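Take the sequence shown: its letters are residues 20 to 105, numbered as in our numbering.
Just so you know, even glycine gets a beta-carbon here, dropped at the ideal spot from N, CA and C.
Here the structure is a predicted model, which is why all the values come from computation and not from measurement.
Scroll down for the structure; my scribbles are underneath it.
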Amino acid sequence: MCNNPRPDAAAEAIKTLMHALIDISCTAATAEKHITRETEYTGAIIPHSLAYAQITADMALNEAKAILIADCENGGGLCVMIVLMP
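This is the structure:
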């Protein structure tokens, strides 16, 4: 892959997805903490936390997919991985 301008596309895509998973995990932990301590806010916290988790996951998947598509278009070796992403 010496002619590939982005030899680390797979690492970049994985890093993007890992950051999203960390954000989602922290959001879930914070929501759980608030739910167990302040039950009167449970109804408001859960929908917002779920919406944030969904947006974060969607953005990360789109960014990782764009990285892999760009790598594929530039002659990289990650074309097979694109079919695994929705």
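* Asked: Is residue 69 buried or exposed, if buried means 16 or more other CB atoms sit within 10 Å of its CB?
  -> Reading the sequence shown from its first residue, position 50 is the one you call residue 69. Looking at its Cβ environment, which holds fewer than 16 other Cβ atoms inside 10 Å, residue 69 is exposed.
* Asked: With a CB to CB cut of under 7 Å and the five nearest residues on each side skipped, what residues in its chain are close to residue 64?
  -> Counted from its first residue, the sequence shown places residue 64 at position 45. These residues qualify, in order along the chain: 50, 53 and 54.
* Asked: What is the residue span of the alpha helix (DSSP H) that residue 49 lies within?
  -> Residue numbering aside, residue 49 sits at position 30 when the sequence shown is read from its first letter. Per DSSP, residue 49 is one residue of the alpha helix (DSSP H) stretching across 28–56.
* To do: Given a cut-off of 9 Å, decide if residue 90 and residue 28 are closer than it, judged by their beta-carbon atoms.
  => Here residue 28 refers to the residue found at position 9 of the sequence shown. Here residue 90 refers to the residue found at position 71 of the sequence shown. Yes, the pair counts as a contact, with Cβ atoms nearer than the cut-off.
* Do residue 79 and residue 36 have their C-beta atoms closer together than 9 Å? -> Counted from its first residue, the sequence shown places residue 79 at position 60. Counted from its first residue, the sequence shown places residue 36 at position 17. Contact flag set, yes.
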